[in-house]
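Only one structure is covered here, and it is reproduced in the block below.
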Amino acid sequence: MSRYTSATDADRTAMLEAIGVSSVDELFADIPAELRLGRDLDLPAGLSEQEVYTLLRDIAARNVSAEEEVSFLGAGMYDHYVPALVESIILRSEFLTPYTPYQPEVSQGSLQVMFEYQTAISELTGLPVSNASVYEGPSAVGAAGYVAKLANRRTRFVASRALHPHARETLETMSHGYGTSVTEVPLRDGATDVEALREAVDEDTAAVFVQQPNFLGAVEDLEAIAPVAKETGALLVVHCDPLPLALLKTPGECGADIAVGEGQSLGNRLDFGGPSFGFFAATEALLRRMPGRISGETVDVDGRRGFVLTLQTREQHIRREKATSNICTAQALNALAGVIYLSWLGRRGIVELAELMIQRTAYARERLAGLEGVRLVHEQPVVREFAVALDAPVERVIDRCFAEGVNPGFPLVHDYPEIENGLLVAITEQRTREDIDRLAGVLGAAVRESRTTPSPLAMASVDGERAD
Amino acid sequence: MSTLSDNRLHADPEIERFEPSARVDRALQTAEQAKRATTIYERSVPGRRAFTPPAAGVPERPLDELLPARLRRAEGPKLPEIAEPEIVRHYVRLSTRNFHLDEGFYPLGSCTMKHNPKLHERVAALPGYARLHPLSDPRRAQGALQLMHELQGALAEIAGLPHVSLQPSAGSHGELLGVLLTRAYHEDRGQHRTKVLTPDTAHGTNPATVTMAGYEVVKVETAPDGGVDIDDLRAKADEDVACLMLTNPNTLGVFDRNISEIASIVHGVGATLYYDGANLNAVVGVSRPGDMGFDIVHFNLHKTFTQPHGGGGPGSGPIAVSDRMEPYLPRPQVVRRDDGSYDLDHDRPKSIGRLRGFQGNFGTFVRSYAYIRSLGAEGLKEMSETAVLNANYLLALLKRRGVAEYLPVAYDRLCMHEFVLSGAPAKRQLGVKTLDIAKRLLDHGVHPPTVYFPLLVDEALLVEPTETETKETLDHFADVVAALLEEAERDPDIARNAPYTTPVRRLDEAGAAKRPVIRQPL
Chain A
29 MSRYTSATDA DRTAMLEAIG VSSVDELFAD IPAELRLGRD LDLPAGLSEQ EVYTLLRDIA
89 ARNVSAEEEV SFLGAGMYDH YVPALVESII LRSEFLTPYT PYQPEVSQGS LQVMFEYQTA
149 ISELTGLPVS NASVYEGPSA VGAAGYVAKL ANRRTRFVAS RALHPHARET LETMSHGYGT
209 SVTEVPLRDG ATDVEALREA VDEDTAAVFV QQPNFLGAVE DLEAIAPVAK ETGALLVVHC
269 DPLPLALLKT PGECGADIAV GEGQSLGNRL DFGGPSFGFF AATEALLRRM PGRISGETVD
329 VDGRRGFVLT LQTREQHIRR EKATSNICTA QALNALAGVI YLSWLGRRGI VELAELMIQR
389 TAYARERLAG LEGVRLVHEQ PVVREFAVAL DAPVERVIDR CFAEGVNPGF PLVHDYPEIE
449 NGLLVAITEQ RTREDIDRLA GVLGAAVRES RTTPSPLAMA SVDGERAD
Chain B
2 MSTLSDNRLH ADPEIERFEP SARVDRALQT AEQAKRATTI YERSVPGRRA FTPPAAGVPE
62 RPLDELLPAR LRRAEGPKLP EIAEPEIVRH YVRLSTRNFH LDEGFYPLGS CTMKHNPKLH
122 ERVAALPGYA RLHPLSDPRR AQGALQLMHE LQGALAEIAG LPHVSLQPSA GSHGELLGVL
182 LTRAYHEDRG QHRTKVLTPD TAHGTNPATV TMAGYEVVKV ETAPDGGVDI DDLRAKADED
242 VACLMLTNPN TLGVFDRNIS EIASIVHGVG ATLYYDGANL NAVVGVSRPG DMGFDIVHFN
302 LHKTFTQPHG GGGPGSGPIA VSDRMEPYLP RPQVVRRDDG SYDLDHDRPK SIGRLRGFQG
362 NFGTFVRSYA YIRSLGAEGL KEMSETAVLN ANYLLALLKR RGVAEYLPVA YDRLCMHEFV
422 LSGAPAKRQL GVKTLDIAKR LLDHGVHPPT VYFPLLVDEA LLVEPTETET KETLDHFADV
482 VAALLEEAER DPDIARNAPY TTPVRRLDEA GAAKRPVIRQ PL
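So the sequence lines, in the order shown, correspond to chains A and B.
According to the working numbering, the residues represented by the first sequence are 29 to 496, in order.
According to the working numbering, the residues represented by the second sequence are 2 to 523, in order.
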């Protein structure tokens, strides 16, 4: 008997007798003998709870987390402070352990949370309708592509080169299934080249995808992009970062049809990439084409206000092959963390937080740009993140910074080889002026030293780095 | 057989017939019950706040210099203004309006609502995981990559298939990956196939996935014993078929005894065989999809491997595949290098590419890894054996309690980890629909089974008790169902108007869909 089952030998005997068989084995009679495993799984024996804890703790100790270094790593997920009340609420059994609210009479908590969440996402994006979450940012881009394809029956996607590389790649993957293709629009001064976009968009373009702020941190001029993107009837999809939206003109105001994005920065942990949540908002016209769950307000038989899953005829369990998406389980608990976080920030707080980021980011950008051997990749306005180019091999520079306990950011060499030795630097409210000054000192020295000698880490053997 | 339009999985199939009930005297309501639900936005009072920003600590510049006014929004998002104590009260009060697994029995078929060990939340929150950035240099994420690599190994062993990708975010995402791999596999051989076969018992996600992956869905009939109709399969399996998607045991709770023959028919026309792992909880350590002939298997970590369901996610849908499918797996793959270090391998020229950002829902991997290490080989087998024992025991009890007269089992044979009852006789003889039975169960503090699915069974109830329930809980459930039917014999209106004791009663779903209010007007 494992610690998560309760059947004693006496229970088993009584239960088998009630069934009318003499052994548990007989219950599997339908499985032909040659398909039985006939041996134990080749897995380690079970462990006690405390042994599992120790094992997992020791494995965790082999990671260098944001807890142990001063990290300027962003590029899609950010080390924001998560207030204590988020964890306290999402760990409640009432939110943690139910399934999708199929029985609304006993799911009003989850359903109302979805409704409140939809409202918050609608406010952030400036679009009237939001669903209750999708998986995460890049797959939300893929889902938006499917909506566009079903809406206008066209086969081309046009994507800015400053759309997150993971989102571009996901769109490419999905295109194999959708029967669509992806054309990339180049950048000019770190932002989407609007003239090139004009040339790329044609009568068969289903949707145009841009990112706000873009992958290199630049705030895109969405008002200039929108009319060009939509000229032939394509949908404009904006992949956006939710916190900067506190300050930026919203995708809705600028004419976007769909706004999607990565919700991790709203009260969710880094978790090595997930689970977080993706958000998906759109114009009224696309309401009945949205993927995923939507909660709607209604009344019960006694006239009391209540909430239900609504517009379910879009969904896979009803519409089957004609559904707007195959999504079923999404990221409800992470979306709950998101709406608690947004309520905690509040109407003024979210603006104050964004302004704090913009000030510290401006300071960091100026400090780094003043270093010898470091220059800005672009001078577009930025909110939380900016790109620099180094006069030394970026990966060597990063290794030197690691040795000083600083993670200076994300190297751009693989995704943007055209930017020589590019480095993307993110500044959240958790990075103080002292941290930024330290980054400037460490990065400046690392660039100087890396021009001549190889990095200390590159010389150390990988084995020496490992804990075992 | 039910038609598409009159089926709503897990929902009210006759929402059009909303009639306010006169049975409950409004005067009996407490002030608390009568109170209108208030949203967090309605609790907002200008000037209140929970967040205090830290000082900027840097020389501040005018905002206009940093972000020109034409790029800025005129008015910030209208989020609530509310202090911490009231945020906490609001969400704690909301939480009490949910039924949940830690509260009571939740036999929701095909969803595997098993206990979620508390240890898992503790280990997943260790800062080494929780604050690890997904783009960390692999040399500085060795623990995370090791955990993923070992989880891949364990899932491969359980599936009987050697290669695993952890990337998909949920079961349907895993399905999509499986079908896209199938597409890549055939295209790599210069073949352009057009159809995917699914049995008529399939989950709704299967047909939706097939369309998204660019294939046409072709349904295969079910034989009288609940398995795939072999003759129909043979007739439909041709060179245009890319794949057969199958759940085994299937959504009728029945293990398909002809699986080897099915596999040979499918492989005979060069198609792949896909295993929907929604029902894997029945066979872990007993039988392996790979040994049955499947090429691709998806797991639901939130079902079999007890990631908490969270009210609708997060989930996780890793897949395991055979050697011939391996080259097409998504980028990046977690690998172990010759020197024993772990790494992310992006260099996969035949890969279908990425399916999402980063490396998957890592937090779910930590929980499922902890679960597999807790149970070990023996515990995992015991898990499935007990799940099947519990299901068969509950089925036997229901038969014995006379329930079968009104709710007969759809396929009368030994079941696996779940079984399907048909509410058709109850509807005919008592005038009480499956929906009414489900709603009346709520008054007994029991979550109803999955209702109106599978579509194949009229007025279906799909019951999955899972291994973590006690004999007493199963006894109690059988008593409740028997009592409920006796009650309906006396007065069917009681069930027809149920529930009575829940935070709200039956809701006007038709009205909600007709005039959608899906956000708070502010």
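The beta carbon of each residue, even a glycine, is placed where N, CA and C say it ideally should be.
Under 8 Å between the Cβ atoms of residue i and residue j?
i	j	result
Val236 (chain A)	Leu264 (chain A)	yes
Asn207 (chain B)	Asp292 (chain B)	no
Leu398 (chain B)	Ala46 (chain A)	yes
Pro118 (chain B)	Thr125 (chain A)	no
Ala228 (chain A)	Thr208 (chain A)	no
Thr311 (chain A)	Leu84 (chain A)	no
Gly313 (chain B)	Gly172 (chain B)	no
Leu463 (chain B)	Pro450 (chain B)	yes
Val255 (chain B)	Cys416 (chain B)	yes
Gly77 (chain B)	Ala274 (chain A)	yes
Val266 (chain A)	Gln240 (chain A)	yes
Pro60 (chain B)	Gly324 (chain A)	no
Gly504 (chain A)	Leu373 (chain A)	Past the edges of chain A, shown from 29 to 496, lies residue 504 (chain A), and the structure says nothing about it.
Phe143 (chain A)	Ala454 (chain A)	no
Asn362 (chain B)	Gly366 (chain A)	no
Quick one: which chain B residues come within Cβ less than 8 Å of residue i?
i	result
Tyr81 (chain A)	Leu120, Arg123, Val124
Ile117 (chain A)	Val89, Tyr92, Val93, Ser96
Ser121 (chain A)	His101, Leu102, Asp103, Glu104
Glu407 (chain A)	Residues of chain B passing the Cβ test: none, with the nearest at roughly 12 Å.
So residue i contacts chain A; which residues on that side make the cut at Cβ distance below 9 Å?
i	result
Lys351 (chain B)	Chain A residues near Lys351 (chain B): none, gap ~13 Å exceeds 9 Å.
Met213 (chain B)	Tyr174, Met202, Gly205, Tyr206, Ala351, Ser353, Asn354
His187 (chain B)	Residues of chain A passing the Cβ test: none, with the nearest at roughly 12 Å.
Lys1 (chain B)	What the structure shows of chain B is the stretch from 2 to 523, and residue 1 (chain B) is not part of that stretch, so it cannot be assessed.
At which residues does the beta strand (DSSP E) containing residue i begin and terminate?
i	result
His187 (chain B)	Note, His187 (chain B): premise wrong, no beta strand (DSSP E); alpha helix (DSSP H) at 172-189.
His164 (chain B)	164-166
Arg184 (chain A)	184-188
Glu325 (chain A)	323-327
Asp277 (chain B)	273-277
Glu413 (chain A)	413-418
Ala131 (chain B)	Taken as a continuous stretch (DSSP letters only), Ala131 (chain B) belongs to no beta strand (DSSP E), being part of the alpha helix (DSSP H) at 128-131.
Run through chain B and tell me which residues come within less than 9 Å of residue i, C-beta to C-beta.
i	result
Arg321 (chain A)	Gly313
Arg388 (chain A)	Ala57, Gly58, Val59
Phe143 (chain A)	Thr40, Val518, Ile519, Arg520, Gln521
Glu432 (chain A)	Going along chain B, no residue has its Cβ under 9 Å from Glu432 (chain A), so there is no contact; the nearest lies around 14 Å.
Leu361 (chain A)	Pro309, His310, Gly311, Gly312, Gly313, Gly314, Pro315
Asp285 (chain A)	The premise fails here: Asp285 (chain A) is roughly 17 Å from chain B at the closest Cβ pair, so nothing lies under 9 Å.
Following the continuous alpha helix (DSSP H) through residue i, name the residue where it begins and the one where it ends.
i	result
His477 (chain B)	472-491
Phe143 (chain A)	136-153
Cys429 (chain A)	422-431
Met293 (chain B)	290-293
Leu452 (chain A)	Careful: Leu452 (chain A) lies outside any alpha helix (DSSP H), inside the beta strand (DSSP E) at 450-454.
I'd like the list of long-range same chain contacts for residue i, defined as Cβ closer than 6 Å, with 5 residues on each side in sequence excluded.
i	result
Asp496 (chain A)	The predicted position of Asp496 (chain A) is uncertain, since its pLDDT is 37 and thus under 50; a value taken from the coordinates is nonetheless stated next. If we look at Asp496 (chain A) and ignore the five residues flanking it on each side, it has no Cβ neighbours.
Arg368 (chain B)	His121, Ala125, Gln308
Keeping to the same chain, check which residues put their C-beta closer than 8 Å to that of residue i; ignore five residues upstream and five downstream.
i	result
Ala378 (chain B)	Gly286
Ala23 (chain B)	For Ala23 (chain B), the pLDDT reaches just 46, beneath the cut-off of 50, and the residue's location in the model is therefore unreliable, leaving the point undetermined.
Tyr145 (chain A)	Ser158, Ala160, Ser161, Ala363, Leu364, Gly366, Val367
Residue i touches chain B at which residues, Cβ-Cβ below 7 Å?
i	result
Gly374 (chain A)	Arg50, Ala51, Phe52, Leu80, Pro81, Glu82, Ile83
Ser150 (chain A)	Arg520
Apart from the five residues on each side of it in sequence, which residues of its chain come closer than 7 Å, Cβ to Cβ, to residue i?
i	result
Tyr163 (chain A)	Gly306, Ala358, Gln359
Tyr107 (chain B)	Met114, His448
Pro129 (chain A)	Ser135, Ser138, Leu139, Leu337
Glu470 (chain B)	Phe106, Asn391
His347 (chain B)	Arg332, Pro333
Which residues of chain A have a Cβ atom closer than 7 Å to the Cβ of residue i, listed in chain order?
i	result
Tyr394 (chain B)	Met43, Ala46, Ile47
Whole runs of the beta strand (DSSP E) within the region 206-291 of chain A, excluding any shorter than 3 residues: 209-213, 233-240, 263-268, 286-290
Complete alpha helix (DSSP H) runs within the region 347-435 of chain B (minimum length 4 residues, chain order): 363-401, 425-431
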